[in-house]
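Order-wise, the sequence lines are chains A and B.
Quick note on numbering: the first sequence equals residues 139 to 298 in this note's numbering.
Quick note on numbering: the second sequence equals residues 139 to 298 in this note's numbering.
2 protein chains.
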Amino acid sequence: MEQNVIDASGLLAISTRLQRLSDQIRRDGLLIYKAFGIDFQPKWFPVLYTLYKKSTMSVVSLSDEIGYAHPSTISLLKELEKEKLIRSKKDKIDTRKRLVELTEKGKTLLSTMEPVWQVIIKATEEVTNTENNLMKAINEVEAALQEKSFLLRAQAYMNK
Amino acid sequence: MEQNVIDASGLLAISTRLQRLSDQIRRDGLLIYKAFGIDFQPKWFPVLYTLYKKSTMSVVSLSDEIGYAHPSTISLLKELEKEKLIRSKKDKIDTRKRLVELTEKGKTLLSTMEPVWQVIIKATEEVTNTENNLMKAINEVEAALQEKSFLLRAQAYMNK
DNA sequence: CAAATATATGTAGTTAACTACATATATTAC
DNA sequence: GTAATATATGTAGTTAACTACATATATTTG
């Protein structure tokens with residue numbers, strides 16, 4: 139009985155729990171990069187890694203790829219441009235588009251990060267490979283939400 | 139092979155993924171309350187629910203209970219006080235302490251929220267009860283981090 | 001019991017995402 | 001081929017957590 143109350147509280151506070159965990163991991167991530175003497179912020183990862191894989195992308199396609207609203211991507215790109223890790227140029231065909239790519243400095247940084255990534259990946263695996271795997275759980279939940287939103291699911295229960 | 143790259147990328151971007159999911163769930167939570175015509179923000183939940191369970195608490199003990207830094211709690215309490223959902227009084231014994239409790243309005247709101255919670259709980263269960271249960275995964279990861287931090291685990295790999 | 005330390009609360013400023021709105025260019029439809 | 005619509009980018013302001021610092025009161029120690 140009391141267990142139900144606790145479960146309810148946990149479920150209702152799930153966004154809070156997720157955010158706290160996110161903050162915690164990000165702070166430690168930053169410390170790990172520092173310990174390796176690398177000037178890199180965890181929040182840069184999705185943008186830089188995507189450009190590393192895909193070479194050249196427009197702002198919106200990059201945003202879609204990493205799952206961010208485009209203004210968030212723009213502000214990350216501003217930082218990365220200031221750090222000279224990326225550069226951008228106009229698309230000759232569709233002049234609305236700004237094409238973004240890694241600079242040499244960016245490519246060099248990403249390759250020097252390889253060993254750090256190995257460490258982070260191992261530590262993350264160690265922490266998340268519990269009975270219920272967190273990464274897989276996130277993937278599954280995101281897939282479920284894509285199929286039918288939280289709000290629609292709730293509304294189905296409301297109409298009963 | 140490609141699968142490994144995707145996994146590595148996912149693991150490295152874990153804080154980003156967690157935060158995005160958190161944002162998404164919170165936004166939908168707000169919409170659900172709105173749909174019920176209840177003036178309630180998801181972020182209020184941990185504070186109000188804890189006060190509902192424990193009656194009266196100081197600012198710091200409340201913060202510890204919900205796992206927030208105390209300034210975050212103070213700013214939530216300010217909002218809740220403005221909404222007249224909570225009130226506070228000095229601790230007669232230890233005058234440094236501010237004791238916080240629900241007002242009648244707060245208690246009434248929480249009881250009218252009971253049916254909404256049921257809907258949210260059901261929708262959340264539906265979304266999170268996949269093969270790897272998200273709530274359980276969070277609990278497991280938080281327990282693992284409490285035992286040994288992410289940074290310490292990474293450092294163990296660095297020294298090899 | 002006075003000084004040093006610890007604890008409780010509070011304020012100011014930061015961060016990293018967001019939404020809403022604005023503008024420029026491209027595409028589609030008549 | 002022009003008008004209407006859609007798409008791409010950008011700016012401004014918001015949000016909800018945080019850290020760092022400041023102050024007041026309690027507790028501990030010599």
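All residues carry an ideal CB built from backbone N, CA and C; glycine is no exception.
Starting from the beta carbon of residue i, find every residue of chain A whose beta carbon is closer than 7 Å, and list them in chain order.
i: residue 167 of chain B; result: 153
Measure from the C-beta of residue i to each C-beta in chain A and report whether the shortest distance is under 9 Å.
i: residue 164 of chain B; result: yes
i: residue 273 of chain B; result: yes
i: residue 250 of chain B; result: no
i: residue 296 of chain B; result: yes
i: residue 139 of chain B; result: Confidence in residue 139 of chain B is poor, its pLDDT being 35 and thus under 50, which makes the residue's placement unreliable; the coordinate value appears in the next sentence. So no, residue 139 of chain B is outside the interface.
i: residue 276 of chain B; result: yes
i: residue 202 of chain B; result: no
i: residue 233 of chain B; result: no
i: residue 246 of chain B; result: no
Since residue i meets chain B, which of its residues come closer than 7 Å, beta carbon to beta carbon?
i: residue 137 of chain A; result: The first residue shown for chain A is 139 and the last is 298, placing residue 137 of chain A beyond what the model contains.
i: residue 170 of chain A; result: 289 and 292
i: residue 265 of chain A; result: 279, 282, 283, 288 and 291
Could you pull the DSSP bridge partners for residue i from this structure?
i: residue 237 of chain B; result: B:196 and B:227
Please report the straight-line C-alpha distance between residue i and residue j, rounded to a whole angstrom.
i: residue 226 of chain A; j: residue 236 of chain A; result: 6 Å
i: residue 203 of chain B; j: residue 195 of chain B; result: 10 Å
i: residue 222 of chain A; j: residue 283 of chain B; result: 35 Å
i: residue 157 of chain B; j: residue 234 of chain A; result: 30 Å
i: residue 240 of chain A; j: residue 212 of chain A; result: 15 Å
i: residue 268 of chain A; j: residue 275 of chain B; result: 7 Å
i: residue 177 of chain B; j: residue 291 of chain A; result: 21 Å
i: residue 183 of chain B; j: residue 257 of chain A; result: 37 Å
i: residue 219 of chain B; j: residue 293 of chain B; result: 44 Å
i: residue 229 of chain A; j: residue 238 of chain A; result: 10 Å
i: residue 152 of chain B; j: residue 251 of chain A; result: 17 Å
Tell me, please, whether the CB atom of residue i is closer than 9 Å to any CB atom in chain B?
i: residue 215 of chain A; result: no
i: residue 209 of chain A; result: no
i: residue 289 of chain A; result: yes
i: residue 183 of chain A; result: yes
i: residue 330 of chain A; result: Residue 330 of chain A lies beyond the residue range present for chain A, which begins at 139 and ends at 298; the question has no answer from this structure.
i: residue 161 of chain A; result: yes
Taking residue i as the query, report the chain B residues whose CB atoms sit under 8 Å from its CB, ordered along the chain.
i: residue 300 of chain A; result: Given that chain A is displayed from residue 139 to residue 298, the structure contains no residue 300 of chain A and the question cannot be resolved.
How would you list, in chain order, the residues of chain B whose beta-carbon sits under 9 Å from the beta-carbon of residue i?
i: residue 205 of chain A; result: 154, 155 and 158
### Inside the region 150-205 of chain B only - alpha helix (DSSP H) runs reaching at least 4 residues
Complete alpha helix (DSSP H) runs here, min 4: 152-173, 183-192 and 197-204.
### Query
Can you give, in chain order, each stretch of the alpha helix (DSSP H) that sits fully within the region 260-295 of chain A and has at least 4 residues?
Those alpha helix (DSSP H) runs which fall completely within the region 260-295 of chain A and span 4+ residues are 272-285.
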